[in-house]
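Inspection log for the structure reproduced underneath, given as structure tokens.
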Amino acid sequence: MSFKKRQNFQPSDKPLVLVGSKNPVKISCTEDAFTRAFNKSFLVDGINAPSDVSEQPKGDKETLLGAKNRAHNSLKVFPEANFWVGIEGGIDEDEYGMFAFAWIYILATNGKSSQSKTGTFYLPKAVADMVKGGMELGKADDLVFEKENSKQHGGSVGILTHGVIDRSEYYRQAIILALIPFVNENLF
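So, in structure tokens, the structure goes:
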């Protein structure tokens with residue numbers, strides 16, 4: 125479906141969820157998470173929505189802002205959806221090293237929003253050094269682990285867990301957690 129040409133949009137009986145990314149991993153895990161959380165089918169697609177933050181966000185504040193911006197920028201481009209989802213990966217450092225995580229931000233037609241954060245995991249020194257030097261995490265992973273476009277597949281988490289947890293599974297849980305206020309409207 126092309127969201128650039130609204131006149132080609134055909135309404136569906138399924139609610140529409142728009143992900144602020146064309147990354148197939150982010151789109152498929154969003155569809156699975158919504159289907160599981162609501163126990164019904166959704167039409168899910170993605171657009172290239174800007175995050176308006178650094179290419180490699182650092183810290184919770186910038187990473188969450190990137191996720192929010194992706195959702196809100198998706199809404200601006202295609203207000204006909206029922207939900208808009210922003211997924212933004214980030215890094216941070218503590219005394220143990222550099223670690224990765226992602227924020228999920230969901231916006232609904234009624235104006236309600238929610239967010240959730242994935243688990244965190246530490247990055248190898250070789251990857252962390254490249255990121256500290258200004259490289260985006262996915263590119264650093266590709267170089268260190270001799271992969272191609274790993275962020276559209278298993279991502280860092282998939283590489284480092286030897287596929288036990290891939291990027292889709294990693295995001296899916298956080299998306300479902302961000303949906304808690306929407307599936308429990310009487311409580312929120």
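To get my numbering, take the position in the sequence shown, counting from 1, and add 124. We treat Cβ as the ideally placed atom computed from N, Cα and C, and that holds for glycine.
For residue i, the three-state DSSP class (helix, strand or coil)
i, result
"Asp265", "helix"
"Glu212", "strand"
"Ala250", "helix"
"Met125", "In this prediction, Met125 scores a pLDDT of 40, lower than 50, which makes its location untrustworthy; the coordinate-derived value is nonetheless stated afterwards. Of the three classes helix, strand and coil, the one that applies to Met125 here is coil, per DSSP."
"Val288", "coil"
N-terminal and C-terminal residue of the alpha helix (DSSP H) that residue i is part of
i, result
"Ser152", "148-162"
"Ser280", "279-284"
"Lys200", "183-201"
Burial state of residue i (16 or more Cβ within 10 Å)
i, result
"Val255", "buried"
"Arg160", "exposed"
"Ser145", "buried"
"Gln131", "For Gln131, the predicted model reports a pLDDT of 40, less than 50, meaning its position is unreliable; a value from the coordinates is still stated below. Gln131 comes out exposed."
Distance between residue j and residue i (C-alpha atoms, nearest Å)
i, j, result
"Cys153", "Tyr295", "7 Å"
"Leu284", "Val143", "26 Å"
"Val251", "Val268", "7 Å"
"Trp208", "Ala195", "5 Å"
"Asp169", "Asp156", "12 Å"
"Gly278", "Gly183", "22 Å"
For residue i: DSSP bridge partner residues
i, result
"Glu217", "Met222"
Span of the beta strand (DSSP E) around residue i
i, result
"Leu303", "Neither: Leu303 is in no beta strand (DSSP E) and is coded neither H nor E."
"Leu311", "That residue, Leu311, is in no beta strand (DSSP E); it is neither H nor E in DSSP."
"Asp176", "Asp176 -> no beta strand (DSSP E), and no H or E assigned at all."
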